[in-house]
Structures are given as structure tokens and as C-alpha cells.
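Please read the structure below before turning to the comments.
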Amino acid sequence: MISPDAARNVVGIIGNVISFGLFLSPVPTFWRICKAKDVEEFKADPYLATLLNCMLWVFYGIPVVHPNSILVVTINGIGLVIEAAYLTIFFLYSSGKKRRRAFFVLAVEILFVIVVVLSVLLAVHTTQRRSMIVGILCVIFGSMMYASPLTVMGNVIKTKSVEYMPFFLSLVCFLNGLCWTAYALIRFDLYVTIPNALGTFFGLIQLILYACYYKSTPKKEKGVELPTVVSAGNIGAGAGGNVSVTIER
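Numbers given in our numbering equal positions in the sequence shown, counted from 1, plus 15.
Okay, structure coming up:
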């Protein structure tokens, strides 16, 4: 019989694989930016939000804050590097007000994380209390990231079309949330459970909407750009960003 710890590790590894794929989902967008040497109308907001989310979850998962959470650290550490790469490209090909604003937000995020890290490590002396403080912050910021798909779902209901909500992306987001919710429930972790349960719920709603409105969607091919939330602890995802895709029906 498989022990709970072994089962948790297996589920966590599967979650790492799914989350890694979601973190890579904005690659077409940044390939387009590199080719055009211009960020055009793309915004850095989703990537900045995901970067902050990853930084907080990496801190949450280290042994001195929340022991036995190495898989939370690994995927969010990978996500941190990927989001940093996206933002580097954004800074290279943006200019003026857009670049200054992104730099300002990034500086505020880094300062915020430094304050959180120093405050928690120096003023709080038990892993239980450290986990609670950092976990609450992770839940707040992770849950806020799930507000992005609400706009897309609203458009689906309004237009009775899933043109801007690809089935595969919705399915993977649902599976990602489900996998990390299961991971958190095996050895109960409230702070990982809450944002991923929300992700599972919103992913399920997207799949239901797809089933309801797929037949009423115009049968055509169209390049679109849509927001995604990638969270890997939110595992968010989490990932966040704009994904350039082509939908064929």
C-alpha cells in the first residue's frame, strides 16, 4: 500500500509537470515580441503578478517556513526564472511610460518581498506561525490572480461563443488546480488548498461553459490573445500572462 507521503510526492510531481507547461504557455507571445522587437499592446501586469506569486510561494515552501514542501519550491522556483525571463524580454523591447511603470511595480514587489522575508525570519520564531503569515499572503495574492478568467467567462456568456476560451487551456488549468488541491489535501495544507480549490472551481466552470456554448461558436479560424492565470501553488499558476494562440474549428 502506498504511504500518504509517497502519494503526495507522486501527485506533486504530476502537478509540477502540468504547472511547468502552463508557465511556458506565454512563449508564443514573447516569440512574437522578439520578432517584432516591440511589445505592441502587450502589458507586463500578468507577468509581474505571477512573479510576485512565485516569490511568495518559494519563500513559503522553504524548510524554515513550511517544512516538507520541496515540490512547492521547485515549481515556483522554475516559474520565478521563467517569469523573470519574460520580464527581461519585455524591458528590452518596451520604452517610455510602459517600461518605467513596469520597473516601478517590479521594484515595489521586490521591496515588499524583502520586507516580508526579513520580518518573518527575524520576528517570528516558529514554523507554524511563519507558515500562517506567509500562507495568508500567498492565499490573498494567489486568489486575486484568479479574477482574470472571470472577464473571459463573462464574454463567453455575453457572446454565447467560446472563441476566446480554448478548450485545451481550460482543461489544463482545471487539471492543474485539481492536482495541487489533491496534493494539499493528502497532508492537509490550508494555504495551498484554498487558491487551488478556487482554480479547480473556475476551471470547471470554464469547461461547463465550453460544453454549453461550443455549438453556438462560429466555425472559423482566428488568431486571438487571451489572459491566462498560471498558478502553481496556485501553484499560482498559477501561470499568468497573455497567450497568443490560433483556434481552429
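C-beta atoms are modelled at their ideal positions from N, C-alpha and C, and glycine is treated no differently.
Buried/exposed call for residue i, threshold 16 Cβ in 10 Å
i	result
Pro82	exposed
Gly36	exposed
Val32	exposed
Trp46	exposed
Leu193	buried
Val25	exposed
Pro181	buried
Ser8	Any property of residue 8 remains undetermined from this structure, which presents the chain solely from 16 to 264.
Ile48	buried
Ile125	exposed
Val177	buried
Val73	buried
Arg270	The structure shown has nothing for residue 270, since the chain only spans 16 to 264.
Arg23	buried
Pro61	buried
Tyr198	buried
Ser134	exposed
Val123	exposed
Met59	Checking the displayed sequence, the identity of residue 59 turns out to be Ala instead of Met. Ala59 should be labelled buried.
Ile223	exposed
Where residue i falls: helix, strand or coil (DSSP)
i	result
Val43	Here the sequence assigns Pro to residue 43, which means Val is not the residue at that position. In the structure shown, Pro43 sits in a helix (DSSP, three-state: H, G or I).
Lys175	coil
Ile17	coil
Ser231	coil
Lys52	coil
Phe203	coil
Pro242	In this predicted model, Pro242 has a pLDDT of only 45, less than 50, meaning its place in the structure is not dependable enough to derive any value.
Ser109	coil
Phe35	helix
Phe57	coil
Thr208	helix
Gly251	Low local confidence applies: a pLDDT of 47 at Gly251 is under 50, so the model's placement there is unreliable, and no value is given.
CB-CB length for residue i against residue j, believed under 8 angstroms
i	j	result
Leu219	Thr208	Not really, about 16 angstroms apart at Cβ, beyond 8 angstroms.
Val139	Ile148	6 angstroms
Phe156	Gly94	Contact doesn't hold; Cβ gap of about 14 angstroms is too wide.
Pro43	Tyr101	So it is not a contact: roughly 12 angstroms between Cβ atoms.
Ile29	Leu86	About 10 angstroms separates the two Cβ atoms, so there is no contact after all.
Tyr228	Lys175	5 angstroms
Ile97	Val88	Contact doesn't hold; Cβ gap of about 15 angstroms is too wide.
Cβ-heavy atom distance, residue i to the ligand MG, below 7 angstroms
i	result
Tyr108	Here there are no bound small molecules, and the ligand MG is not part of this structure.
Whole alpha helix (DSSP H) runs in the stretch 117–185 with 4 or more residues, listed along the chain? Listed in chain order, the complete alpha helix (DSSP H) runs (minimum 4 residues) inside the stretch 117–185 are 142–160, 163–174.
Closer than 8 angstroms is the cut-off here; do at least three beta carbon pairs connect the stretch 206–221 with the stretch 148–161? At 8 angstroms Cβ cutoff, the stretches touch.
Those runs of the alpha helix (DSSP H) which lie wholly inside the stretch 60–100 and span at least 4 residues: With a minimum length of 4 residues, the continuous alpha helix (DSSP H) runs that stay inside the stretch 60–100 are 60–76.
Assess contact between the stretch 54–69 and the stretch 18–28, defined as three or more Cβ pairs (one per stretch) separated by less than 8 angstroms. Is contact present? The answer is no - the stretch 18–28 does not touch the stretch 54–69, with fewer than three Cβ pairs under 8 angstroms.
Kindly confirm or deny that the stretch 169–182 and the stretch 141–158 touch, where touching means at least three C-beta pairs closer than 8 angstroms. Under the three-pair Cβ rule at 8 angstroms, the stretch 169–182 does not count as touching the stretch 141–158.
Using 8 angstroms as the cut-off, can you tell me whether the stretch 52–61 makes contact with the stretch 108–127, which would need three or more C-beta pairs spanning the two stretches below that distance? Here the stretch 52–61 lies against the stretch 108–127, with 3 or more beta-carbon pairs under 8 angstroms apart.
Report yes or no: do the stretch 113–127 and the stretch 75–92 share at least 3 C-beta pairs separated by less than 8 angstroms? Under the three-pair Cβ rule at 8 angstroms, the stretch 113–127 does not count as touching the stretch 75–92.
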